[in-house]
Amino acid sequence: MVMGDFERDAQVVVLGGGPGGYAAAFRAADLGLDTVLVDAGGRLGGECLFRGCIPSKALLGVAALLGDAARAKGLGIEFATPRIRLEALRAWKDGVVERLAKGLEALCRARGVELVPGRATFEDGRTVRVEGGGRIRFRQAIVATGSRPTPLPGLGLERPGVMDSEAALALPEIPRSLLVVGGGYIGLELGTVYAALGSEVTLVELTDGLLPGVDRDLVAPVARRTAELFKAVALGTKVVELAERDGGIEVRFEGALEPARQSFERVLVAVGRQPNTDGLGLERTGVGVDGRGFILVDERRRTQDPRIYAIGDVAGEPMLAHKAMREGKVAAEAIAGRPGGPAERPAGGGRPFPLERLRARPDPREAGGAHQAPDRSREQARPRGGDRGRPRRRGDRRGGAGDRDGGHRGGPRRHNPHPPHARRDGHGGRRGLPRERHPPPPSPLRRVRPALSLG
Ligand SMILES: Cc1cc2nc3c(=O)[nH]c(=O)nc-3n(C[C@H](O)[C@H](O)[C@H](O)COP(=O)(O)OP(=O)(O)OC[C@H]3O[C@@H](n4cnc5c(N)ncnc54)[C@H](O)[C@@H]3O)c2cc1C
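For what it's worth, the working numbering labels the leading residue of the sequence shown as 63, then goes sequentially.
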């Protein structure tokens, strides 16, 4: 780890150590490129590990366990009312995150990726300055700075009792009443957690359906379950005013919710996320952004500046970790001069890319292509580290057909937040090195199922 004042040259600098950034850095290093990763927090994992997928799925596991215990009554088995020790629950969740963070650090060290802590900004299209004094001159850069929660337009998040997803995942307390603003997957997941822990949850959504953009047939069972679990779900409803009153928050609504003025102990705002592009110095490069600040890229994640790539949340929807990881690999392979690669496969999964086709093509580096990478990179680009050459069978534990169930390897009800196509890309890591996929967060009793997991 590099700190303080330094000057350095790198073939690849990655800005941001979330799932997109670390997947890109690991792949670039596996392909033999001298790679530096700069992260503002100085740790690998990003929103997903510290403030997103992993803590939320760990807590959803707890919610499912509580739900199962309650439902067991119908089977003639009665448990006592659970007593929730919030401090212990918080410590367990934080322990899950910490273990995975340490695993990523080990993978980073093993690959020789240099991790630089600090906020990075572009000085120009060839140089990145790292807060605290460092400067890195790069041949290629990958922007993977992610996204952050969007505040409620005009109403703000900076008031007591109003939380974003990060604050909600910190489990400050279990409020008696909670208003969730936003019926996307983040609002639904966190509302489910708090409802299971004992809060009375009311959810309002501006559009006329939960999970906007998702197939309505898939949403229907989620909507049914949510209606059972929450005190109220109001669609087509807008929050127009928030005011602190008597230690709570009074909220005025326009739409379907009655009464139109209600008080809550806490409010969770989950109305979307915005890209972390402001303050990056992109104006000093050739990189273009759209009207909402997302970086414009082509299918190989190239921006309008030929030296700079962008991946993950910062480069647009869908804002999901497995999409960020895949794009990270696409960008690293494009930089290494590999033809095609993962970009040639459909984003939603589909058939694995036939590596034979990739190998059969002329390699541009042999023809004196622009991006020279050491020869060992080709050697290393083999499917799935250990089982090279072995055809996969149904039930194969390592990414074969039996792994297509969403990562339920520890039993039918074990859950992985990242769908399997993120792991079935046919691109193994460096020989002998473990790959960077997240293991599923440990469940409280080893076997839990997601109460509601849509991410
Ligand atoms: C509550 C919640 C639950 C979620 N659940 C799921 C799920 O189940 N499945 C799923 O696929 N996705 C889920 N997501 C979405 C997922 O977390 C994101 O899509 C994913 O983290 C995006 O990865 P990324 O690499 O693009 O960026 P991020 O994970 O946002 O990482 C960006 C990194 O860049 C760093 N950074 C920012 N600016 C700078 C800078 N200037 N210089 C250096 N470093 C910088 C940050 O410190 C951070 O570490 C969830 C999100 C939330 C909030």
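Glycine residues also receive a C-beta, built at the ideal position from the N, C-alpha and C atoms.
No experiment lies behind these values; they were computed from the predicted model shown.
Problem set entry | Residue burial classification, GLY104 (beta-carbon count within 10 angstroms, cutoff 16) | Sequence index remark: in the sequence shown, residue 104 carries index 42 (1-based). Within 10 angstroms of the beta-carbon of GLY104 lie fewer than 16 other beta-carbons, which makes it exposed.
Exercise. Alpha carbon to alpha carbon, how far is GLY223 from ILE311?
Worked result: Along the sequence shown, one-based indexing puts residue 223 at 161. Along the sequence shown, one-based indexing puts residue 311 at 249. Cα to Cα, GLY223 sits roughly 7 Å from ILE311.
For this session: Taking 8 Å as the cut-off, decide whether the C-beta atoms of VAL266 and VAL243 are in contact.
Result: Residue mapping note: residue 266 aligns to position 204 of the sequence shown, counting from 1. Residue mapping note: residue 243 aligns to position 181 of the sequence shown, counting from 1. The answer is yes: Cβ separation under 8 Å.
Exercise. Closer than 8 Å, CB to CB, is GLY374 near chain D or not?
Worked result: In the structure shown, chain D cannot be found, because there is only a single protein chain.
Exercise. From this set, PRO81, ARG278, ALA318, which residue's C-alpha is nearest MET387's C-alpha?
Worked result: Sequence index remark: in the sequence shown, residue 387 carries index 325 (1-based). The alpha carbon of MET387 has as its nearest neighbour, out of PRO81, ARG278, ALA318, the alpha carbon of PRO81.
For this session: Would you decide whether LEU280 is buried or exposed? Buried here means 16 or more other CB atoms lie within 10 Å of its CB.
Result: By one-based count along the sequence shown, residue 280 stands at place 218. Looking at its Cβ environment, which holds fewer than 16 other Cβ atoms inside 10 Å, LEU280 is exposed.
For this session: Kindly list the residues whose CB is nearer than 7 Å to the CB of VAL75, restricted to its own chain and excluding five residues on each side of it in sequence; keep chain order.
Result: The residue given as residue 75 occupies position 13 in the sequence shown. Excluding its 5 nearest sequence neighbours in each direction, VAL75 has C-beta neighbours in its own chain below 7 Å: VAL98, VAL100, VAL190, ILE198, PHE200, ALA203, listed in chain order.
Exercise. Just checking, does the region 143-163 make contact with the region 172-187 on the three C-beta pairs under 8 Å criterion?
Worked result: Of all C-beta pairs linking the region 143-163 to the region 172-187, fewer than three are shorter than 8 Å, placing the two stretches out of contact.
Exercise. Who are the near neighbours of ARG278 in its chain, counting only those whose CB is closer than 8 Å to its CB and skipping five residues on each side?
Worked result: Locating residue 278 in the sequence shown gives position 216, counting from the first residue. Setting aside the 5 residues that flank it on each side, ARG278 is surrounded in the same chain by GLY271, each with a C-beta closer than 8 Å to its C-beta; the list follows chain order.
Exercise. Got a sec? Which residues, its chain only, sit under 6 Å from ALA305 by beta carbon, not counting five neighbours each side?
Worked result: Counting from one through the sequence shown, the residue named residue 305 turns up at place 243. Correct list, in chain order: GLU312.
Exercise. Among residues of its own chain, excluding the 5 on either side of ILE248, which ones have a beta-carbon nearer than 6 Å to its beta-carbon?
Worked result: If you number the sequence shown from 1, residue 248 lands on position 186. Close CB contacts of ILE248 within its chain, under the 6 Å cut and outside five residues either way in sequence, are with SER227, ALA332 (chain order).
For this session: Enumerate in chain order the residues of its own chain whose CB-to-CB distance from ALA282 is below 8 Å, with the five nearest sequence positions on each side excluded.
Result: Position 220 of the sequence shown, counting from 1, holds the residue named residue 282. Counting only residues of its own chain and dropping the five nearest sequence neighbours on each side, ALA282 has no CB closer than 8 Å to any other CB.
Exercise. Cβ of ASP186 within 7 Å of any heavy atom in ligand 1?
Worked result: Here residue 186 refers to the residue found at position 124 when the sequence shown is read from its first residue. Answer for ASP186: no, Cβ out of range of ligand 1.
Problem set entry | Proximity test, ASP308 beta-carbon vs ligand 1 heavy atom, cut-off 7 Å | By one-based count along the sequence shown, residue 308 stands at place 246. Not one heavy atom of ligand 1 is found less than 7 Å from the C-beta of ASP308.
For this session: Spatial neighbours of THR212 within its chain, please: CB distance less than 7 Å, with the 5 preceding and 5 following residues excluded, ordered by chain position.
Result: Numbered from 1 along the sequence shown, position 150 holds the residue referred to as residue 212. Hits under 7 Å: VAL333, GLY334, ARG335, GLN336.
Problem set entry | Extent of the continuous alpha helix (DSSP H) to which PHE112 belongs | Start at 1 with the first residue of the sequence shown, and residue 112 comes out as number 50. PHE112 -> alpha helix (DSSP H) spans 108-113.
Problem set entry | Ordered list of beta strand (DSSP E) runs contained in the region 74-105, each at least 3 residues | For the region 74-105, the continuous beta strand (DSSP E) assignments of 3+ residues that do not extend past its boundaries occur at 97-101, in sequence order.
Problem set entry | Rounded straight-line distance, which links the Cα of GLY138 to that of MET381 | Here residue 381 refers to the residue found at position 319 when the sequence shown is read from its first residue. Here residue 138 refers to the residue found at position 76 when the sequence shown is read from its first residue. Rounded to the nearest angstrom, the two C-alpha atoms are 43 Å apart.
For this session: Give a yes or no on whether the C-beta atoms belonging to GLY348 and GLY317 are separated by under 8 Å.
Result: Working through the sequence shown from its first residue, we reach residue 348 at position 286. Working through the sequence shown from its first residue, we reach residue 317 at position 255. With contacts defined by Cβ atoms closer than 8 Å, GLY348 and GLY317 do not form a contacting pair.
Exercise. Secondary structure at ILE236, three-state DSSP: helix, strand or coil?
Worked result: By one-based count along the sequence shown, residue 236 stands at place 174. The answer is coil: DSSP assigns ILE236 none of H, G, I, E or B.
Exercise. Is ALA232 closer than 8 Å to LEU252 when the C-beta atoms are compared?
Worked result: Position 190 of the sequence shown, counted from the first residue, corresponds to residue 252. Position 170 of the sequence shown, counted from the first residue, corresponds to residue 232. By the CB criterion at 8 Å, LEU252 and ALA232 fall outside the cutoff.
For this session: Tell me, to the nearest whole angstrom, how far the beta carbon of LEU241 is from that of LEU166; I am working on the premise that it is less than 8 Å.
Result: Taking the sequence shown and counting its residues from 1, one reaches residue 241 at position 179. Taking the sequence shown and counting its residues from 1, one reaches residue 166 at position 104. Contact doesn't hold; Cβ gap of about 35 Å is too wide.
Exercise. So what's THR288 in DSSP terms, helix, strand or just coil?
Worked result: For the purposes of this step, residue 288 is taken as residue 226 along the sequence shown, with counting starting at 1. In the three-state scheme derived from DSSP, where H, G and I count as helix and E and B as strand, THR288 is classed as helix.
For this session: Could you tell me the distance, in whole angstroms, from the CA atom of ALA289 to the CA atom of LEU319?
Result: Residue 289 sits at position 227 when you count from the first residue of the sequence shown. Residue 319 sits at position 257 when you count from the first residue of the sequence shown. Distance between the alpha carbons of ALA289 and LEU319 is about 14 Å.
Problem set entry | Beta-carbon contacts of GLN73 that lie in its chain and below 6 Å, excluding the five residues immediately before and after | On the sequence shown, position 11 is the one that residue 73 refers to. Contacts found: LEU95, ASP96, ARG201.
Exercise. Can you tell me whether DSSP reads SER325 as helix, strand or coil?
Worked result: Counting from 1 along the sequence shown, the entry for residue 325 is found at position 263. For SER325, the secondary structure class from DSSP, reduced to helix, strand or coil, is strand.
Exercise. Any heavy atom of ligand 3 closer than 7 Å to the Cβ of GLY108?
Worked result: Among the ligands in the structure shown, ligand 3 does not appear; only ligand 1 can be found there.
Exercise. With ILE397 and VAL205 assumed to form a contact (beta carbons below 8 Å), what rounded beta-carbon distance in angstroms separates them?
Worked result: Numbered from 1 along the sequence shown, position 335 holds the residue referred to as residue 397. Numbered from 1 along the sequence shown, position 143 holds the residue referred to as residue 205. In this structure ILE397 is not in contact with VAL205, their Cβ atoms being roughly 13 Å apart against a cut-off of 8 Å.
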